[in-house]
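Q: Below you will find the structure I want to go over with you.
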Amino acid sequence: AQTSQPIEGVSVEVVAYEQTLTSDAEGLVHLTGLSSMKIDVRIEMPGYATVNTKIDADVSDKTAAAPPQEIALLYGNAISGVCTSEGEPLPGATRVEIWNTSKLVITVETDTEGKYTTPGLPVGQYFVGLPDYHYAARAVELTEDGAEFDIEIGVVCHVKGRVLRANGQAHANAGIYVYRRDNIYWTATIHTGPDGHYEVNNLFPGVWVFCALKTQGDTAAQFAVDVNVSESGLSTVDVQLPAITGVMTGRVTYPDGQPVKRARVAVTNLDANFPRALLAAYVVTDDNGYYTAERLENGMNMQARVGGYVDEAQTGTAFSEVVTVPSDNSPVEANIVVATQGVTVRATMRRADDGPILNGGPLCYLLDSQGRLSGLYFGGGTFTGHIDIYDVVPGEYTLVVTNRGAKKSEVSITVGTQNISSGIEVIV
6 AQTSQPIEGV SVEVVAYEQT LTSDAEGLVH LTGLSSMKID VRIEMPGYAT VNTKIDADVS
66 DKTAAAPPQE IALLYGNAIS GVCTSEGEPL PGATRVEIWN TSKLVITVET DTEGKYTTPG
126 LPVGQYFVGL PDYHYAARAV ELTEDGAEFD IEIGVVCHVK GRVLRANGQA HANAGIYVYR
186 RDNIYWTATI HTGPDGHYEV NNLFPGVWVF CALKTQGDTA AQFAVDVNVS ESGLSTVDVQ
246 LPAITGVMTG RVTYPDGQPV KRARVAVTNL DANFPRALLA AYVVTDDNGY YTAERLENGM
306 NMQARVGGYV DEAQTGTAFS EVVTVPSDNS PVEANIVVAT QGVTVRATMR RADDGPILNG
366 GPLCYLLDSQ GRLSGLYFGG GTFTGHIDIY DVVPGEYTLV VTNRGAKKSE VSITVGTQNI
426 SSGIEVIV
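Structure follows, in structure tokens:
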């Protein structure tokens, strides 16, 4: 034990041999008849953390002459609880993740009554979550007496339907990013079938945004359509996409008039009913600095942007004037003059309780003093997320950071002419 005293009555399961032995008053267990040199054992005792480990085996003469192998048990107990939706148990085999302050410790599953129980864990701080329901792990303090943590997730909605284009045809074989309007964060990626059918499960009531990709080969350009999910269980919602025959053209140049070659151009739809500007097209300039963006939503105000992406061009972030896409397919022009360079800004994100970040990492978007979307970035990290923001020009900005299962948070930052590698932390 932690006191270095022997423990009597400890259960030692020899996993591969289907044997279970019990320690004597000296804390000793003698294993015989083994055919391997490394033996997997599972050690359990009420009031202590369960230990899964390997022990060394050898011929009898050598083991008799050697001191016994010692395994220290830590005080601990189990975390248990019931997972429900509107008072009813979640389906059996629902995954429950148990984290400590540095890693995922174990994943257990609920039974048919929604109950879960962990093995004995060392006393301390843990976080319990339901990843399949976008339920970020909550803090639980485990003592020697154990811990009970029930999870009631409320109404759970499932939605199916068809995605149709403006002409009534199916929007077939297309990816759809599903965003939660409250925190502007990606929650799931789904796909339509050949007839435009889709299905998405485990959503909470409220307004979601379905960002359907315009084409199979384009992972950026998207529609944004509100889908109001309100009923428990399965609902049918057909999604109608708007007409997209608009075209935007333009040229990207440096202040001296020279073309910016091979620069990525993001065209954002400023009128889409989306809490941030929506990426409506994503194209690259040619060797003369020209670009063409097609399949834009008719009648919408659009703005082109260069900067913020890894590309072959050396630029800072710059914007075109706002233009309105005609109702037909006649092109509208939007030119951009860019600075020759910007700086890189690194920000970090963590939870207020230092708990784990749900898979996907932090999402950050940067708004300049005019409210323009100057960058949109996903970052990585498990407990502390990090995001690098490229091609930022000097100025005042609002940095918005969020994560799946978390509320969005924002800070004001000032950017000068030097890279910022530390000092910007956002707590969600």
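Heads up, the sequence shown is in our numbering, so the first residue is 6 and it goes up one at a time.
Positions of the beta carbon are idealized from the N, C-alpha and C atoms, including for glycine.
What does E102 pair with, by DSSP beta-bridge criteria?
A: Position 97 of the sequence shown, counted from the start, is the residue given in the question as residue 102. T112 and G134, per the DSSP bridge assignment.
Q: List the whole-angstrom C-beta distance separating I158 from Y140, where the pair is believed to meet the contact cut-off of C-beta under 8 Å.
A: Locating residue 158 in the sequence shown gives position 153, where the first residue counts as 1. Locating residue 140 in the sequence shown gives position 135, where the first residue counts as 1. With a Cβ gap of about 6 Å, I158 and Y140 count as contacting.
Q: Identify the residues that DSSP records as bridge partners of G81: which are they?
A: The residue given as residue 81 occupies position 76 in the sequence shown. BP columns for G81 point to P127.
Q: By Cβ distance below 8 Å, which residues in the same chain neighbour G365 in space, the five residues on each side in sequence not counted?
A: The residue labelled residue 365 in the question sits at position 360 within the sequence shown. Result list for G365: Y190, W191, F383, N408 and R409, in chain order.
Q: Would you give the residue range spanned by the beta strand (DSSP E) that A285 belongs to?
A: Taking the first residue of the sequence shown as position 1, residue 285 is located at position 280. That run of the beta strand (DSSP E) goes L283 to V289.
Q: On the DSSP letters alone, give me the boundaries of the alpha helix (DSSP H) that A339 sits inside.
A: Counted from its first residue, the sequence shown places residue 339 at position 334. Taken as a continuous stretch (DSSP letters only), A339 belongs to no alpha helix (DSSP H), as it is neither H nor E.
Q: Please state whether DSSP places K219 in a helix, a strand or coil.
A: Counting from one through the sequence shown, the residue named residue 219 turns up at place 214. Correct three-state label for K219: coil.
Q: Are there 16 or more other CB atoms within 10 angstroms of the CB of P361, so buried, or fewer, so exposed?
A: As a position in the sequence shown, residue 361 is number 356, starting the count at 1. Buried, by the Cβ-count rule.
Q: Can you tell me which of the three DSSP states T68 falls into?
A: Translated into the one-based positions of the sequence shown, residue 68 becomes position 63. Helix.
Q: Whole beta strand (DSSP E) runs in the region 177-212 with 3 or more residues, listed along the chain?
A: 180-185, 190-196 and 202-208
Q: With a Cβ-Cβ cutoff of 9 Å, do R267 and N340 count as a contact?
A: For the purposes of this step, residue 267 is identified with residue 262 of the sequence shown, where counting begins at 1. For the purposes of this step, residue 340 is identified with residue 335 of the sequence shown, where counting begins at 1. Cβ atoms of R267 and N340: not closer than 9 Å.
Q: Which word fits S41, buried or exposed, when buried means at least 16 other C-beta atoms lie within 10 angstroms of its C-beta?
A: What you label residue 41 is simply residue 36 of the sequence shown in a count that begins at 1. It counts as exposed.
Q: For V87, which three-state DSSP category applies?
A: Locating residue 87 in the sequence shown gives position 82, where the first residue counts as 1. Here V87 sits in strand by DSSP.
Q: Give a yes or no on contact between the region 318-331 and the region 267-287, applying the rule of three or more CB pairs nearer than 8 Å.
A: Verdict: yes, contact present.
Q: Taking the continuous beta strand (DSSP E) assigned at A298, which residues delimit it?
A: Indexing the sequence shown from 1 puts residue 298 at position 293. It spans Y295 to L301 - the beta strand (DSSP E) in which A298 sits, taken as one unbroken run.
Q: How close, in whole Å, do the beta carbons of I48 and V56 come, if the pair is a contact with beta carbons under 8 Å?
A: The count along the sequence shown starts at 1 and reaches residue 48 at position 43. The count along the sequence shown starts at 1 and reaches residue 56 at position 51. The pair is a contact, with the Cβ atoms about 4 Å apart (cut-off 8 Å).
Q: Is the region 202-215 touching the region 223-243 in the sense that three or more CB pairs, one from each, lie closer than 8 Å?
A: yes
Q: Can you list, in chain order, the residues of its chain whose CB lies under 6 Å from that of D292, leaving out five sequence neighbours each side?
A: As a working note, residue 292 is residue 287 in the sequence shown. Closer than 6 Å at Cβ, skipping near neighbours: K266.
Q: Who are the Cβ neighbours of I195 in its own chain at under 6 Å, not counting the five residues just before and after it?
A: Within the sequence shown, the letter at position 190 stands for residue 195. Closer than 6 Å at Cβ, skipping near neighbours: I181, Y203 and V205.
Q: Helix, strand or coil for A318, going by three-state DSSP, please let me know.
A: The sequence position of residue 318 within the sequence shown is 313, counting from 1. Reduced to three states, the DSSP call for A318 is coil.
Q: Would you report the Cα separation of F324 and C162, rounded to the nearest angstrom?
A: By 1-based counting over the sequence shown, the position of residue 324 is 319. By 1-based counting over the sequence shown, the position of residue 162 is 157. Looking at the two C-alpha atoms, the distance is approximately 40 Å.
Q: Can you check DSSP and say which residues form a bridge with L371?
A: In the sequence shown, residue 371 corresponds to position 366, counting from 1. Answer is G380 and L404.
Q: Out of A298, L36, L378 and S90, state which residue places its alpha-carbon closest to the alpha-carbon of A69.
A: Within the sequence shown, residue 69 is the residue found at index 64, counting from 1. The option with the nearest alpha carbon to A69 is L36.
Q: Is the beta carbon of I84 less than 9 Å from the beta carbon of L147?
A: Position 79 of the sequence shown, counted from the start, is the residue given in the question as residue 84. Position 142 of the sequence shown, counted from the start, is the residue given in the question as residue 147. It is a contact, given that the beta carbons lie within the stated cut-off.
Q: Enumerate in chain order the residues of its own chain whose CB-to-CB distance from K219 is below 6 Å, with the five nearest sequence positions on each side excluded.
A: Along the sequence shown, one-based indexing puts residue 219 at 214. Only A226 and R300 meet the Cβ criterion.
Q: Kindly list the residues whose CB is nearer than 6 Å to the CB of L381, restricted to its own chain and excluding five residues on each side of it in sequence; keep chain order.
A: Translated into positions along the sequence shown, residue 381 becomes position 376. Taken in chain order, the residues that qualify are Y370.
Q: Give the DSSP bridge partners of Y53, in chain order.
A: In the sequence shown, counting from the first residue as 1, residue 53 sits at position 48. Assignment of beta-bridge partners to Y53 by DSSP yields Y80.
Q: Among D155, R351 and T27, whose alpha-carbon lies nearest the alpha-carbon of G385?
A: Within the sequence shown, numbered from 1, the residue matching residue 385 stands at position 380. Answer by Cα proximity: R351.
Q: As a quick exercise: from L284, T197 and A282, pick the residue whose alpha carbon is nearest that of D243.
A: Here residue 243 is taken as the residue at index 238 of the sequence shown, counted from 1. Checked all of L284, T197 and A282; the closest Cα to D243 is T197.
Q: Could you tell me whether the region 111-120 touches the region 85-100, using the rule of 3 or more Cβ pairs below 8 Å?
A: yes
Q: Roughly how many whole angstroms lie between the Cα atoms of S5 and D373?
A: Summary: the structure shown does not reach residue 5, with the chain confined to residues 6 through 433, and so no result is reported for it.
Q: Using only alpha-carbon positions, find the residue among P336, D150 and P96 that is nearest to K51.
A: Start at 1 with the first residue of the sequence shown, and residue 51 comes out as number 46. Per the sequence shown, the amino acid found at residue 51 is Pro instead of Lys. Taking only the C-alpha atoms, the option nearest P51 is D150.
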